[in-house]
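Protein chains in written order, with my numbering: chain A, 3 to 369; chain B, 3 to 369.
2 protein chains.
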Amino acid sequence: MTFAPLQNDTFLRACHRLATPHTPVWLMRQAGRYLPEYRETRARAGSFMGLATNVDYATEVTLQPLERYALDAAILFSDILTVPDAMGLGLSFALGEGPRFAKPVRDEAAVSALRVPDMDELRYVFDAVTSIRRALNGRVPLIGFSGSPWTLACYMVEGAGSDDYRLVKTMLYSRPDLMHRMLEVNADAVAAYLNAQIEAGAQAVMIFDSWGGVLADGAFQSFSLAYTARVLRQLKREHEGQAIPRIVFTKGGGLWLAEIGELDCEALGLDWTVNLGRARSLVGGHKALQGNLDPNVLFAQPAQIEAQAVQVLDSFGAPHTGPGTGPSHIFNLGHGISQHTPPDHVKLLVDAVHAHSRRLRNSQALD
Amino acid sequence: MTFAPLQNDTFLRACHRLATPHTPVWLMRQAGRYLPEYRETRARAGSFMGLATNVDYATEVTLQPLERYALDAAILFSDILTVPDAMGLGLSFALGEGPRFAKPVRDEAAVSALRVPDMDELRYVFDAVTSIRRALNGRVPLIGFSGSPWTLACYMVEGAGSDDYRLVKTMLYSRPDLMHRMLEVNADAVAAYLNAQIEAGAQAVMIFDSWGGVLADGAFQSFSLAYTARVLRQLKREHEGQAIPRIVFTKGGGLWLAEIGELDCEALGLDWTVNLGRARSLVGGHKALQGNLDPNVLFAQPAQIEAQAVQVLDSFGAPHTGPGTGPSHIFNLGHGISQHTPPDHVKLLVDAVHAHSRRLRNSQALD
């Protein structure tokens, strides 16, 4: 496969801790329900999975936010639960509700039956990656992604979203052997899944440990971090001569940042509870940092959105501008964008990040 | 008012960082739905507020867990939302759902109308405190409590529980002046409320900042911590010659522990994400620490519950046994006990904490 050459490499450079003319910005869930054009495509597709499994629809919605905003990266439109769905758990999305599995994994027999799925079951995802990469035509890089082994396990055991994680934690504490077995299968499946996305054209990959932060100290290290590390050990470092940066985002993982910083990956996602300056002191010497505006800021007025974006950029501190590697920041939200976000406010945010981060670099050049 | 002399002062001594023969233990929401005798009283009361506003029922359910378990403290049975209810917001609890306010506070007019309520509106709470203190008859100390100013504001603006805090954060970011005004009123109301509980017989007070952890770094300090400090500044330090320890619990606040540790209070509650040994190094020199078992551990089997309790005690490290003050631990869960908890498992936990914490002290004495 050959694709058009990349025109905007700020995101990939920032992942590798190289200097960039501005701070690159993209937004988790940037293709989604807050955009009227997304809702229109979603209505045509009939269902969320109808949208996610159709290559043309997935390509269309992935590119929608790039038409509106000067984003520095695209992210595959898909769901974190495609892998357990391919394991035969029967994923569905009822309208207005979250995901649900018809066959949750709650006993020894169900865990024993788990296998790394045949990647052919996920062909629709890899086809979408290739199609999106072609449609991007080199405009910005394409990020592939997966849920982390622990985050997938949460949904696989609970069968749906949860507010107390009672079932999955009951298994963790009462049958740690089963939980470890499930996490091994998940880790190997996630690694195969991300490698196939890389082969299909993903130029960076991100692991979403959305529920790592609900674990107790000690349990996080054994049941989440260790399996994220197992995924990373199996990932391709490069594809067709291009290095593939790997980003790990642990929502609510700020307390464990030093330990997460030991992972073999290029960048760490941070939520809004983390002070970027402190994170930079702790792990910025060897990891790019991605984040971390509270998505609720986008409900404020323009002047306040700009002020909060500036505050996030300033909290990271002076950008690295020289040759070689140095502290590096990729602007993002600290969690997915809300479906209630006014689309105009997103434009304002993206432009404010570019303008202020260029100012920061210019004022440094004048020093 | 005179009450019977206290027979078990381990909890109060631990709050003041004095040595105790075992690690005192109590459990957040220890009087509640997981107990069949509670559900029986609740059925007689007809509704949650019917239970909370009736002095006899409130006394009965507060004492129920003490009949089953060797707990070292009792906590007033009430709700954190009594204060906004007394402000006229109209609290109700639909069966099987969380709390709901009939008149949420969402605009300038509603904020301007907020006042510190007449404490006579909350007389039922103070009467319950006195009644419980009498019924305890000196067995263990009684803890009074309130929600923090920010946590109350979350419910007052959202009108109910929330999973994204969109409305309250929209007000925070778009009208910080209104949010500060609301938090001032809340802080002064909480201070008056806790002082009245102390006068009625509460021997310690706890502020629950249940939703402090949802705020961004920076916003937490300005909109939650500053107003918890405002409450603490107004609290009575002692009553009738007895020092009244003050405990602050910020769920999800582990990242800000050093800053929370600067509060003028005796003890800090910690959730399960925090490593007790690290917390002890950071703030254990001037604060007692309370926590922090994941409540979901109580769904495991006996041997595993014991092992996890031991792990929490061991993570805090060697108990202070000498004269004077020193590092001090009060065992608790990291959040309220689940309504699905098997009552037998709670007995096992409480006894394991007492047994292992005595062993720790004995092995030190032998060194």
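Just so you know, even glycine gets a beta-carbon here, dropped at the ideal spot from N, CA and C.
Being a predicted model, the structure only gives us computed values, none of them experimental.
Option in the options with minimal Cα separation from residue i
i, options, result
"alanine 305 of chain B", "B:Leu272, B:Leu335 and B:Leu351", "B:Leu351"
"proline 143 of chain B", "B:Met51, B:Ser340, B:Tyr126 and B:Pro26", "B:Pro26"
"glutamine 303 of chain B", "A:Val57, A:Thr343 and A:Tyr175", "A:Tyr175"
"leucine 387 of chain A", "A:Gly263, A:His182, A:Ile209 and A:Phe79", "Given that chain A is displayed from residue 3 to residue 369, the structure contains no residue 387 of chain A and the question cannot be resolved."
"arginine 125 of chain A", "A:Leu284, A:Leu37, A:Tyr195 and A:Arg361", "A:Tyr195"
"glycine 98 of chain B", "B:Arg361, B:Arg360, B:His356 and B:Gln341", "B:Gln341"
"arginine 108 of chain B", "B:Gly338, B:Gly100, B:Leu300 and B:Gly161", "B:Gly161"
"alanine 193 of chain B", "B:Val85, B:Gly140 and B:Val159", "B:Val85"
"lysine 171 of chain A", "A:Asn197, A:Ala218 and A:Leu138", "A:Ala218"
"tryptophan 274 of chain B", "B:Met181, B:Ile339, B:Gly100 and B:Cys156", "B:Ile339"
"glutamate 264 of chain A", "A:Ala290, A:Val312, A:Gly279 and A:Asn277", "A:Ala290"
"proline 297 of chain B", "A:Ala96, A:Leu169, A:Pro345 and A:Ala320", "A:Leu169"
"arginine 89 of chain A", "A:Tyr59, A:Met158, A:Arg31 and A:Ser133", "The sequence given here places methionine at residue 89 of chain A; arginine does not occur at that position. Of the listed residues, the one whose Cα sits closest to methionine 89 of chain A is A:Met158."
"glutamine 223 of chain B", "B:Ile262, B:Gln244 and B:Phe333", "B:Ile262"
"histidine 337 of chain A", "A:Leu180, A:Phe128, A:Ala76 and A:Gln292", "A:Gln292"
"aspartate 120 of chain B", "B:Arg31, B:Pro325, B:His241 and B:Asp87", "B:Asp87"
"glutamate 110 of chain B", "B:Asn197, B:Ala281, B:Pro178 and B:Leu37", "B:Pro178"
"asparagine 277 of chain A", "A:His331, A:Ile307, A:Phe301 and A:Arg239", "A:His331"
"isoleucine 307 of chain B", "B:Arg235, B:Val348, B:Arg46 and B:Cys156", "B:Val348"
For residue i, the residue or residues it bridges with in DSSP
i, result
"valine 250 of chain B", "B:Ile209 and B:Leu270"
"glutamine 1 of chain A", "An answer regarding residue 1 of chain A cannot be provided, because it is not within the stretch 3 to 369 covered by chain A."
"leucine 20 of chain A", "A:Thr327"
"valine 127 of chain B", "Paired residue(s): none; valine 127 of chain B is not in a bridge."
"serine 164 of chain A", "DSSP output for serine 164 of chain A lists no bridge partner at all."
"glutamate 240 of chain B", "B:Ala245"
"alanine 47 of chain A", "Answer by DSSP bridge pairing: none, since alanine 47 of chain A is not bridged."
"alanine 76 of chain A", "A:Leu144"
7 Å Cβ shell around residue i - same chain, five flanking residues per side excluded
i, result
"glycine 215 of chain B", "Thr252, Lys253, Gly254 and Gly255"
"tryptophan 152 of chain A", "Leu185, Asp211, Trp213, Gly214, Phe225, Ser226 and Tyr229"
"valine 187 of chain B", "Leu116, Arg117 and Val118"
"proline 247 of chain A", "Leu14, Cys17, His18, Ala206, Glu268 and Ala269"
"arginine 136 of chain A", "Phe5"
"alanine 33 of chain A", "Tyr40, Val63, Thr64, Gln66, Pro67 and Phe79"
"arginine 183 of chain A", "Val113"
"methionine 173 of chain A", "Val159, Leu180 and Met181"
Anticipated Cβ contact below 8 Å, residue i with residue j, distance rounded
i, j, result
"isoleucine 249 of chain B", "alanine 206 of chain B", "7 Å"
"leucine 257 of chain B", "leucine 284 of chain B", "Contact doesn't hold; Cβ gap of about 11 Å is too wide."
"glycine 243 of chain A", "asparagine 334 of chain A", "Actually they do not touch by this definition, with Cβ atoms about 27 Å apart."
"phenylalanine 103 of chain A", "phenylalanine 50 of chain A", "Contact flag wrong, Cβ pair sits at about 14 Å."
Neighbourhood of residue i by C-beta distance below 6 Å, restricted to the same chain and skipping five residues each side
i, result
"alanine 189 of chain A", "Pro151, Tyr229, Arg232 and Val233"
"valine 314 of chain B", "Leu295"
"isoleucine 82 of chain A", "Gly149 and Phe210"
"glutamine 310 of chain A", "Val299"
"arginine 44 of chain B", "Leu53"
Spatial neighbours of residue i in its chain, beta-carbon cut-off 8 Å, leaving aside the 5 residues before and after
i, result
"glycine 287 of chain A", "Pro329"
"valine 131 of chain A", "Leu78, Leu144, Gly146, Gln199, Ala202, Gly203 and Ala204"
"glycine 140 of chain B", "Phe5, Ala6, Pro7, Leu8 and Gln9"
"threonine 327 of chain B", "His18, Arg19 and Leu20"
"glycine 279 of chain B", "Ser317, Phe318 and Gly319"
"histidine 356 of chain A", "His24, Thr25, Val27 and Ala72"
"serine 133 of chain B", "Val57, Asp58, Ala60 and Thr61"
"glutamine 366 of chain B", "Ala320, Pro321 and Thr323"
"arginine 360 of chain A", "Pro23 and His24"
"serine 164 of chain B", "Cys156 and Val170"
Residue interval of the beta strand (DSSP E) (run including residue i)
i, result
"proline 26 of chain A", "Unbroken run through proline 26 of chain A: none, as it is neither H nor E."
"glycine 279 of chain B", "Careful: glycine 279 of chain B lies outside any beta strand (DSSP E), inside the alpha helix (DSSP H) at 278-285."
"arginine 102 of chain B", "101-103"
"glycine 52 of chain B", "From DSSP, glycine 52 of chain B is part of no beta strand (DSSP E) but of the alpha helix (DSSP H) over 50-54."
"isoleucine 145 of chain A", "144-149"
"serine 94 of chain B", "93-95"
Span of the alpha helix (DSSP H), counted from its first residue to its last, around residue i
i, result
"proline 304 of chain B", "304-318"
"proline 178 of chain A", "178-202"
"leucine 259 of chain A", "259-262"
"leucine 68 of chain A", "57-70"
"proline 111 of chain B", "Strictly speaking, residue 111 of chain B in this sequence is alanine, with proline absent from that position. Taken as a continuous stretch (DSSP letters only), the alpha helix (DSSP H) holding alanine 111 of chain B covers 110-114."
Check: residue i C-beta below 7 Å from any heavy atom of the ligand ZN
i, result
"phenylalanine 50 of chain B", "The ligand ZN is not among the ligands present in this structure, which contains no ligands whatsoever."
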